[in-house]
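Chains as they are written, first to last, in my numbering: chain A, 1 to 357; chain B, 1001 to 1357; chain C, 2001 to 2357; chain D, 3001 to 3357.
Inspection log for the structure reproduced underneath, given as structure tokens.
4 protein chains.
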Amino acid sequence: MASNSFGTLFRITTWGESHGKAVGVVIDGCPAGISIDEEMINNALALRAPGRSPYTSPRKEEDKAEILSGVFEGKTSGAPISILIANNDADPSKYVPNKDLLKPGHANFTYLEKYGAFDFRGGGRASARETACRVAAGAIAKQLLATFNVTIDAYIVQIGSITAKPGCRKERARSPIFCADPDASERMTALLEATKAQGDSIGGIVEFYAAGLPAGLGDPVYNKLEATLAYAMLSIPATKGFEIGSGFAAANMRGSEHNDRFFRQDEVITTQTNNAGGILGGISTGLPVYGRVAFKPASSIAIPQETVTTTGSPATFRLPEGSRHDPCVAIRAVPVVEAMVALTLADALLLNRSAKI
Amino acid sequence: MASNSFGTLFRITTWGESHGKAVGVVIDGCPAGISIDEEMINNALALRAPGRSPYTSPRKEEDKAEILSGVFEGKTSGAPISILIANNDADPSKYVPNKDLLKPGHANFTYLEKYGAFDFRGGGRASARETACRVAAGAIAKQLLATFNVTIDAYIVQIGSITAKPGCRKERARSPIFCADPDASERMTALLEATKAQGDSIGGIVEFYAAGLPAGLGDPVYNKLEATLAYAMLSIPATKGFEIGSGFAAANMRGSEHNDRFFRQDEVITTQTNNAGGILGGISTGLPVYGRVAFKPASSIAIPQETVTTTGSPATFRLPEGSRHDPCVAIRAVPVVEAMVALTLADALLLNRSAKI
Amino acid sequence: MASNSFGTLFRITTWGESHGKAVGVVIDGCPAGISIDEEMINNALALRAPGRSPYTSPRKEEDKAEILSGVFEGKTSGAPISILIANNDADPSKYVPNKDLLKPGHANFTYLEKYGAFDFRGGGRASARETACRVAAGAIAKQLLATFNVTIDAYIVQIGSITAKPGCRKERARSPIFCADPDASERMTALLEATKAQGDSIGGIVEFYAAGLPAGLGDPVYNKLEATLAYAMLSIPATKGFEIGSGFAAANMRGSEHNDRFFRQDEVITTQTNNAGGILGGISTGLPVYGRVAFKPASSIAIPQETVTTTGSPATFRLPEGSRHDPCVAIRAVPVVEAMVALTLADALLLNRSAKI
Amino acid sequence: MASNSFGTLFRITTWGESHGKAVGVVIDGCPAGISIDEEMINNALALRAPGRSPYTSPRKEEDKAEILSGVFEGKTSGAPISILIANNDADPSKYVPNKDLLKPGHANFTYLEKYGAFDFRGGGRASARETACRVAAGAIAKQLLATFNVTIDAYIVQIGSITAKPGCRKERARSPIFCADPDASERMTALLEATKAQGDSIGGIVEFYAAGLPAGLGDPVYNKLEATLAYAMLSIPATKGFEIGSGFAAANMRGSEHNDRFFRQDEVITTQTNNAGGILGGISTGLPVYGRVAFKPASSIAIPQETVTTTGSPATFRLPEGSRHDPCVAIRAVPVVEAMVALTLADALLLNRSAKI
């Protein structure tokens, strides 16, 4: 379980720093026979790209994935798939003035403690730039899942105190901020504009919804499907919480209310409600798997902040001129959540092939 | 990452069904030189034991751990530590009448889908009985952590709609339900009695708090410390959510408010607040690591429930006479949460030994 | 890849010291639906048991495996299978006089260097007693493989300078030393008697032969089938070498001679020779997989040996009175080799289920 | 344990096909603080490069490694190190005529069976081209080991029936075929020339020798140091055997002769002989770790060979015009053996950091 890898059978390893030459991902264990091309991956990357809307960071790079291996005659061959995404807009000079300051809410302090070194150029490995690789790999996982009719959506359900109407998950694409409730979307964008004008940032919540899963995915005890999903979600930068199905609200529910009632519908056994979030005992029931992920407000803000240098002297942290600044990281995280759900389910699907003789 | 194992270097594997001969755990990778004995493990097990208070299930077994290997002259030898806990109070006969019914909120449906078989005796492998093994292994992890002055507490902070006062974590032992706020504890026990009288159950929230950690534990990207904690927590039966530090509340916070300000105190760099929950960029800061885990209400309730048989015929599920019935599983989960935090941190501590040359 | 575990999907973890309370194994990842019982395991253990013939060590224990979990109504349930074998003949007192001496050819020196401690009682964890657990787990792996018509044999092909006729592998059971060539078997037993009378020991070579494998098992690059077999074999105590197919003899062969010629026989593509040992590019061809494992002479000999104490003072090592003493460890290793081949192939069989969409 | 990865803590993942755009490796878990540069890697690659001598295949590419990530200010930063090696001399057109033939001794048959597809261009993933990535990663592992004064050599000890004088391992560099015995080297080159003239190939044996290791590396039971070395060696293409220390010769040795005698020399406990090969009970003793690896003759030969097509029709396999053709693959494998030993020891070194409290 090396630090930069995710998954057991469908396993990705990502590499690259925010302002290095490139970032990339190696996907090992993808079954042979899946049709993939670069366009599919680039479409996924475009959704995550900065500069996509005024509400996300204006980095001007165009993410172009290059498939270097693992595809033969248009299909996965069973060999590892290596994808490279060049870093085009990567001028590190503006990071020099702050390089000896501890950045509030950022990882340079802990990297220095752990490794004795920190690549200050745009956050190096700690940058959310790494998540482009997750999205690229996720596009392939989704293609695998699609052959089994599994679909995955993710969308914004809360920014600040504004919440979307429950159940809104279709047509999120029309919203510049991936919120499928048009009314909430409008109020959220207003909040984002105000927050940005103040040089501040704000948190949010992303919901995911996976439909079409067969029953039986996930393992009992430690690799419960909700546990691997929680691990996947909390590995995304800036996440602070995860819930599955009823989530934290279950703390104030009765068993008689929370238990989903089994019944038979068209020869299939299912349940009338889905407080479980599509998982019982760690194993998928066949109903939709859904949950929510909490994101903290971006730590990069335009407001100057008191801090210390790496040697402990008082200092003031100011974002460099022309710095990228996301008022709400939850928005750009939507395709990342989707990708991580896809990677988790693809792995569970393959692992489940050994359950029975 | 086999299904019944947890951890990379400090790695446990548990086995055993609720009503089989025994349950047990093998701990592999515990460093040599740690003093351990069976009493330490049995003390930990006593906290989790059913029948400990009127608010938990009255299973009458006395959990006695037997160390079968891995300890030589009172200390860990580097060899795997095998611990066995016999199942004494394990009469499966009462489970026979319901063996062909799908139990609402339970895993027999998904086990049947996945494996084609389900050990109906007390839930078999899906039973919370397995968590006794986590507590036993956690006692050893805590002993390892204690040599580095790391301490871990867990305690109830919410049952139903009743919440404990923030910051109450000491002297939880005086409360029969592990709640360190005496006033809330009293109201919670009243609620539990009423719920039990109604044949129903209720959910709750457990908080954990680990202090004394060195900075540097946890890995960037996928094995972030919060990600492995989330995985650990969601692997506990009946959990529905996890949050670290500010958690879901971060969704409605500003960056200027959420960012913890660095300063120097007595030659050590630290922060004035701890919204981060002691982790930045996946790596421990040296401040306390804390978070919360949501538990659903127990699915075993005395109220009869409509369901279907395994072949889909309508039926009514009634708990067998004299059945164990926990009104709130969050309470007995407190030592389990503590154990899982300990196992996660022990592994992170060992993994961190390779960070630098 | 914890030290005491073997396998990825079909994964075993063993525990226990030679003279502790018991040894045992947990098998995780065995598919549900395989019929197993304790008798099958005990039959396998009987083949490995010391005291089986005058040519192996006379330990008088009767190995009785107890299945503690993972079997429900006579079949594997998908839950981990825990097997315990008690240590009955385990009087450690005779090891006390030598406890501070470095034993030539033994592991107490290296355990002390690594762990700072060594369980001197019969070798503790370093004892070949651990291999009983491999044989128990191997019996289950063989049962899984049998459902796919895979069979595995192992047998002695060399002791000292005496070699068995090539191709002799059937009816090994009639030989007290698992050698299927009756003539060689007779000469080998004479050699063993002479060696034993001199208080000395001698090395040997075990061959394995697995037939009925489907093509496609094993992975390219690192998890080549021959690589996992080599890993499995060299993990057996006292092994010094491994070869697959043509083995070391290939060093003196021509390509024109070594290349196995493909042809079609009864609608199946196969090869006329099998220098490859049933594996090309790390993946099984469908032909028999065979190879050889070299064992050093047992390091426990009755002849007194010069050595030093753990602190470096000169001393003489004498086997304790009434000590167990195997003139040739390769013999008792035959069922262990068989078990390790079975465990390797069972894992490869499950891993191969994800090769294609 | 994904197919294209090697190692637990110091872990590499390689990717790329022989005639794709590039091959590459990601090294995850390399400790921070090690000085590395591209020149060091390119020097290692030059030793493996084809066309280095008339005795290896004349591929004209110049392998240039590009470090894409993981190095900051000249030192490893703790982030994954991505290295890319472009495929410059990669014209696949000459492979087209044979694309539907089963190539004797090659992997296209087994890849087709496993994956349903095979990248016929130069062997695709099955090509020894992948070993360039091992050499690149090995150069970094060697740099890590060098800081602990561990050195590793590998050299030819046998080609056909010609063997080098035992103990010759220095000054191998003067020999075009990495053989440190000048007399044997001369006779071997004559044999290689004759073999090549016949359009044939021949096998060989490579020895490795690692000195300066601390005692304590390697784990008991499954991850024995000799087992991980065996796994590493048999993962190299064309290998048929592995032995450690006394190896197969141990089968004809007595215990009284094989046991290495402990004594004290200059305050250090060591042994007078080293039949063990520097490992006892799976753990390094502090003496040199050495062993041998057998290579089959290259399966690509100029002599036409009878075979069948992928659908089973009789056919003749002829190497394409101007094809690369190595008379003895063992020679180019020397730096690969060295690299795999380095990767194995680097991982063992890091794993050993958790042995004691």
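A virtual CB, placed ideally from N, CA and C, is assigned to each residue, including glycine.
Every value quoted in this text rests on a predicted model; they were computed, and no experiment measured them.
Whole angstroms are fine: how far does the CA of residue j sit from the CA of residue i?
i                  : j                 : result
glycine 347(A)     : aspartate 100(A)  : In the sequence as presented, glycine is not what sits at residue 347(A); that position holds aspartate. Roughly 41 Å separates the two Cα atoms.
valine 3096(D)     : threonine 3310(D) : 14 Å
lysine 1094(B)     : glycine 1122(B)   : 9 Å
isoleucine 3202(D) : alanine 2251(C)   : 7 Å
lysine 3021(D)     : glycine 291(A)    : 40 Å
isoleucine 301(A)  : serine 77(A)      : 45 Å
glutamate 3017(D)  : tyrosine 2222(C)  : 15 Å
threonine 163(A)   : valine 157(A)     : 6 Å
leucine 1112(B)    : leucine 2144(C)   : 20 Å
threonine 1110(B)  : leucine 217(A)    : 9 Å
alanine 1107(B)    : isoleucine 269(A) : 14 Å
isoleucine 2988(D) : glutamate 3338(D) : The question about residue 2988(D) has no answer, for chain D in this structure spans 3001 to 3357.
glycine 1160(B)    : aspartate 1181(B) : 15 Å
glutamate 2243(C)  : leucine 2280(C)   : 14 Å
For the candidate residues the options, whose alpha-carbon lies nearest to that of residue i?
i                  : options                                        : result
arginine 3254(D)   : Ser2018(C), Pro2297(C), Leu2068(C), Ser2127(C) : Pro2297(C)
methionine 1204(B) : Val1334(B), His1325(B), Tyr1111(B), Ala1137(B) : Reading off the sequence shown, one finds glycine at residue 1204(B), where the question assumed methionine. Of the listed residues, the one whose Cα sits closest to glycine 1204(B) is Val1334(B).
isoleucine 1027(B) : Asn1042(B), Ile1041(B), Phe1010(B)             : Phe1010(B)
alanine 258(A)     : Gly116(A), Pro80(A), Glu66(A), Gly245(A)       : Just to set this straight, residue 258(A) is histidine in the shown sequence, not alanine. Cα-wise, what sits closest to histidine 258(A) is Gly245(A).
asparagine 2088(C) : Ala2065(C), Asn2098(C), Phe2072(C)             : Ala2065(C)
serine 3354(D)     : Phe1006(B), Gly1029(B), Ala1276(B), Asn1004(B) : Gly1029(B)
glycine 1167(B)    : Gln1265(B), Pro1288(B), Ala1227(B)             : Pro1288(B)
threonine 3147(D)  : Pro3080(D), Gly3212(D), Gly3247(D)             : Gly3212(D)
lysine 2114(C)     : Pro3220(D), Pro3092(D), Pro3182(D), Gly3116(D) : Pro3220(D)
proline 92(A)      : Leu345(A), Leu350(A), Ser323(A)                : Ser323(A)
leucine 3192(D)    : Phe3208(D), Ser3313(D), Pro3327(D)             : Pro3327(D)
cysteine 3133(D)   : Phe3263(D), Ala3294(D), Ile3331(D), Ala3046(D) : Ala3046(D)
glutamate 2267(C)  : Gln3272(D), Ser3313(D), Glu3039(D), Phe3178(D) : Ser3313(D)
serine 1069(B)     : Leu1102(B), Arg1048(B), Val1025(B)             : Val1025(B)
Using a C-beta to C-beta distance shorter than 8 Å, which residues of chain B count as neighbours of residue i?
i                : result
proline 3031(D)  : Ser1354, Ala1355, Lys1356, Ile1357
histidine 258(A) : Gly1105, Gly1203, Lys1296, Pro1297, Ser1299
Which bits of chain C does residue i rub up against, with CB to CB less than 8 Å?
i                : result
threonine 147(A) : Ile2357
alanine 3250(D)  : Gly2203, Lys2240, Gly2241, Ala2294, Phe2295, Lys2296, Pro2297
Does the CB of residue i have a neighbour CB from chain D at under 8 Å?
i                  : result
phenylalanine 6(A) : no
proline 2220(C)    : yes
Give me the chain C residues within the contact set of residue i, using Cβ-Cβ distance strictly less than 9 Å, ordered along the chain.
i              : result
leucine 225(A) : What leucine 225(A) touches in chain C: nothing, since even the nearest Cβ is about 15 Å away.
Hey, does residue i have any beta-carbon neighbour from chain B nearer than 8 Å?
i              : result
valine 336(A)  : no
alanine 137(A) : no
Return no unless some Cβ of chain A is closer than 8 Å to the Cβ of residue i.
i                  : result
methionine 1001(B) : Low local confidence applies: a pLDDT of 47 at methionine 1001(B) is under 50, so the model's placement there is unreliable, with the coordinate-based value given in what follows. It does; some Cβ of chain A falls within 8 Å.
valine 2009(C)     : The question names valine, but residue 2009(C) is leucine in the sequence shown. Closer than 8 Å: yes.
lysine 3021(D)     : yes
glutamate 1306(B)  : yes
With a threshold of 8 Å between beta carbons, is residue i in contact with chain C?
i               : result
glycine 78(A)   : yes
alanine 1154(B) : no
So which residues of chain B does residue i contact, with C-beta pairs closer than 9 Å?
i               : result
leucine 3112(D) : Ordered by position in chain B, no residue passes the 9 Å Cβ test against leucine 3112(D), which lies about 30 Å from the chain.
Give me the chain B residues within the contact set of residue i, using Cβ-Cβ distance strictly less than 7 Å, ordered along the chain.
i               : result
glycine 2123(C) : Chain B residues near glycine 2123(C): none, gap ~11 Å exceeds 7 Å.
For a contact meaning CB atoms closer than 8 Å, what does residue i contact in chain D?
i                 : result
threonine 2014(C) : Val3221
Could you work out which residues of chain D lie near residue i, taking near to mean beta carbons separated by less than 9 Å?
i                  : result
isoleucine 2244(C) : Leu3234, Thr3239, Lys3240, Gly3241
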